[in-house]
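Novice: Below is the structure I would like to discuss, written out as C-alpha cells.
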Amino acid sequence: MSYNPDLANYDAQAFALAAHNVWVTRVCQLCPCIIFCYDYLLTLDREVEFIWRRPMRFSNILYIIVRFGGGALIFLSASGIQRLS
C-alpha cells in the first residue's frame, strides 16, 4: 500500500472537524446543566418556603417530579448515559 499525502491530509482534516464537532456538542450539552444549577440556586429559598415547609399535597409532589425529573434528564443527557433509541 503506497502513502498518499493528500489522503493523509484529508484524514487529518476530517479528524479535526470531527473533534471540533464533538467539542461543540459537549459544550451545548453542558449549557443546560449550568442554567439548571443557576436557576436552582436562585430559587432555592422560595422552594424551601413554599414546597418543603408546607404539608405535602399533590401539587407539591408534581412540582418535585417535574423539578428533579427534568434536572435528572438534563444531567443524563449531558453525561451521555441516556439513550432513547
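By the numbering used here, the letter at position 23 of the sequence shown is numbered 23, and the numbering carries on one by one without gaps. Glycine included, every Cβ here is placed at the ideal spot set by N, Cα and C. The structure presented is a predicted model; accordingly, all values stated were derived computationally and were not measured.
1) At the level of alpha carbons, what is the spacing between I51 and L41?
2) Quick check: what's the CA-CA separation for F68 versus N21?
3) Tell me which same chain residues have a C-beta within less than 8 Å of the C-beta of I34, skipping the five on either side of it?
4) Compute the Euclidean distance between the alpha carbons of A72 and Y38, then round it to the nearest angstrom.
5) What does a CB cutoff of less than 7 Å around Q29 pick up in its chain, not counting 5 residues either side in sequence?
6) Is it right to say I74 is buried, meaning 16 or more other beta carbons lie within 10 angstroms of its own, or is it exposed?
Specialist: Taking the structure as given:
1) 15 Å
2) 30 Å
3) none
4) 15 Å
5) S77, A78
6) buried
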